[in-house]
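Mapping of the sequence shown onto numbering that gives the first Met the number 0: position 398 corresponds to residue 397, and the numbering continues sequentially without gaps.
Just so it is clear, CB atoms sit at the ideal spot from N, CA and C, and this is done for glycine as well.
These figures come from a predicted structure and were not determined experimentally.
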Amino acid sequence: MPTPPSRGDHLWLPFTPNRHFRQSPRVLVSAKGMYFTTQDGQQVLDGISSLWCVGAGHNRAPINEAIKQQLDTLDYATAFQFGNDRAFELADMIVNLAPGDLNRVFFCTSGSEAADTSLKMALAYHRACGQGQRTVFIGRERGYHGVGFGGMSVGGISGNRKAFGAAMLPRVDHMAFIHDPLHHAYIEAELPQFSQDLLNELEQRILPLHDAGNVAAIIVEPVAGSAGWYIPPQGYLQRLRQICDKHGILLIFDEVITGLGRLGTPFASDYFGVVPDMINFAKCVTNGVVPMGGVICREGLYQAVTEQGGPAHAIEFMHGYTYSGHPVACAAAVATLQLMAQEGLFARAAQMGPVLGRAMHQSLKGLPHVVGIRSLGLAAAVELSPSQQGAGLRGYEVFQECLRRGVLVRSAGDNLVFAPPFIVEREQVEHMVATLADVIAGLPA
Ligand SMILES: Cc1ncc(COP(=O)(O)O)c(C=O)c1O
């Protein structure tokens, strides 16, 4: 007798209302190209690259093949005291894509680990330079840098922090968020021009308060992804770079979402023309198939930490993960980056971005409850006013109804976000946006 499908009674899901989920579990069993198949046999259009990861679309043969070959060759190798040929190859490929003199790659297995790695690198660098007092980190309100204690502390999404406040890093501050709902609620493929300089607060209040000479690093997402695709004003990232340079502060771009093609360029750093001291990456690097993340840092940072590392046998940076540079993850990433290059997928994201942006603005502006729409690169968000029964409820209901109609959209509070795989076709964009519009139009007043 065949085993009946599991009811999932023993699973505790991440970032999910588990009690509600249990009433009607959503279960995915296979995927191909732009579509999932659910346990009930329904086709679901993946409008969010499955958490921003699957840039090349699902179940791509060259990636699967590379993984299989790697398993038959070198399945796993200790990450400490050894390299592996795949990790070498991938580091070269990533550095070739990276801007400026970001020449060294440290591998980990997620965006959260990348965040904590970059913060630790900043501390190690300043200590190596004789500036061990630089221990303050500055993030931004509504920023997301994963769920480790470091990333959570510099992160600024209040719901992620409130239960864990007692364990937060002590010397952290946050800059103001980059949104002006009054004058720039609607942004289509451009950078808004704010009348006031958001970074005055950093220069005039935050840095003097902590003393700029105590600050190790400022970490931001170039475009705030998890909060709901919020776009920085013109000149913001350039000015942030200047302020960091002026005060000897390291600048970290968390490009876990914006890295590897989402804006049509290798990194958001290229899109905005600003070179940070470190770039964190994760999503899209293996097309989501095997967990992987990493930090790319400037050559000088690596040199400072390693040269001041004590005697030649001493480990200079006491940090790393059992699965740093895992050969199977690296093989998947090498194959992913090759596939992206062969199929010109960054350029395709650049091409399809305006199609998505236009469709969102055209179809959703003016619908009930819509209070903003923002698009840049191949991602776009529509913001709804919160329901009187609670913030996030309206977004969650729209997500569920879209799913019922076969379209996966991501709800981030009352934002609904699309960030499809770069292979998305125009008709699929139109279909997903039309479905979202229909669902929003049908919401109760
Ligand atoms: C900017 C950013 N940093 C870090 C993370 C955390 O990544 P992970 O979930 O792989 O730990 C995310 C995840 O969405 C992210 O968007």
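Would DSSP call residue i helix, strand or coil?
i	result
Leu359	According to the sequence shown, residue 359 is Met rather than Leu. Met359: helix per DSSP, three-state reduction.
Asn286	coil
Ile386	As written in the sequence, residue 386 is Ser, which differs from the Ile given in the question. In this structure, Ser386 counts as strand in the three-state DSSP scheme.
Asn102	strand
Thr36	strand
Val26	coil
Met174	strand
Glu189	coil
Cys329	helix
Met277	strand
Asn63	helix
Arg297	strand
Asn17	helix
Ala123	helix
His57	strand
Val423	coil
Cys107	strand
Arg85	helix
Leu10	coil
Gln241	helix
Val135	strand
Gly391	coil
When burial is assigned at 16 or more other CB atoms within 10 Å of the CB, is residue i buried or exposed?
i	result
Thr15	exposed
Gln69	buried
Ala166	exposed
Asn17	exposed
Pro420	buried
Val171	buried
Ile137	buried
Val53	buried
Trp228	buried
Leu181	exposed
Gly263	buried
Pro3	exposed
Pro265	buried
Lys245	exposed
Arg403	exposed
Cα separation between residue i and residue j?
i	j	result
Lys161	Gly391	17 Å
Ala378	Val438	19 Å
Leu261	Gln307	Checking the sequence shown, residue 261 turns out to be Arg, not Leu. When rounded, the distance between both Cα atoms is 37 Å.
Thr77	Thr321	7 Å
Ala436	Ala444	15 Å
Arg425	Gly212	51 Å
Val423	Gly32	9 Å
Ala127	Pro169	22 Å
Leu289	Val255	The question names Leu, but residue 289 is Val in the sequence shown. C-alpha separation (whole angstroms): 15 Å.
Cys329	Pro367	46 Å
Phe271	His19	41 Å
Leu198	Phe280	25 Å
Gln42	Gly405	6 Å
Pro191	Ala311	51 Å
Leu206	Asp115	22 Å
Asp39	Asn414	28 Å
Gly224	Asn286	18 Å
Lys119	Gly110	14 Å
Ser410	Ala331	29 Å
Val28	Val94	36 Å
Arg139	Pro326	35 Å
Ala358	Gly150	34 Å
Leu338	His209	46 Å
Tyr301	Thr72	31 Å
Leu239	Gly247	12 Å
Gly142	Val153	8 Å
Asn58	Ile242	44 Å
Would you mind working out which of the options sits nearest residue i, comparing C-alpha positions?
i	options	result
Arg373	Gly389, Gly356 and Thr36	Gly356
Phe350	Arg238, Leu375 and Pro290	What sits at residue 350 in the sequence shown is Gln, not Phe. That would be Leu375, whose Cα lies nearest to the Cα of Gln350.
Thr257	His246, Asp269 and Phe79	Asp269
Glu88	Phe79, Arg103, Gln80 and Pro98	Arg103
Gly324	Ala90, Asn63, Val53 and Tyr34	Ala90
Ala175	Gly352, Val219, Ala86 and Ala121	Val219
Pro353	Ala97, Met431 and Glu187	Glu187
Val146	Gln132, Phe163, Gly131 and Gly441	Phe163
Ala216	Gly131, Leu259, Met291 and Gly292	Gly131
Phe105	Ser152, Asp71, Ile278 and Arg240	Ile278
Arg133	Ala121, Ala303 and Thr264	Ala121
Val273	Gln237, Val294 and Gly293	Gln237
Pro232	Val370, Val432, Phe266 and Ser194	Ser194
Gly343	Leu259, Thr72 and Arg25	Leu259
Leu407	Arg6, Trp11, Pro24 and Ser48	Ser48
Ile156	Ala226, Leu101 and Val222	Ala226
Please find out if some non-hydrogen atom of ligand 3 comes closer than 8 Å to the beta-carbon of residue i.
i	result
Val369	Ligand 3 is not among the ligands present in this structure, which contains only ligand 1.
Handout entry: Those residues, in chain order, that have a beta-carbon closer than 7 Å to some heavy atom of ligand 1
Key = Leu50, Trp51, Ser109, Gly110, Ser111, Glu112, Ala113, Ala114, Tyr143, His144, Gly145, Val146, Gly150, Glu220, Gly224, Ser225, Asp253, Val255, Ile256, Asn279, Ala281, Lys282 and Gly292
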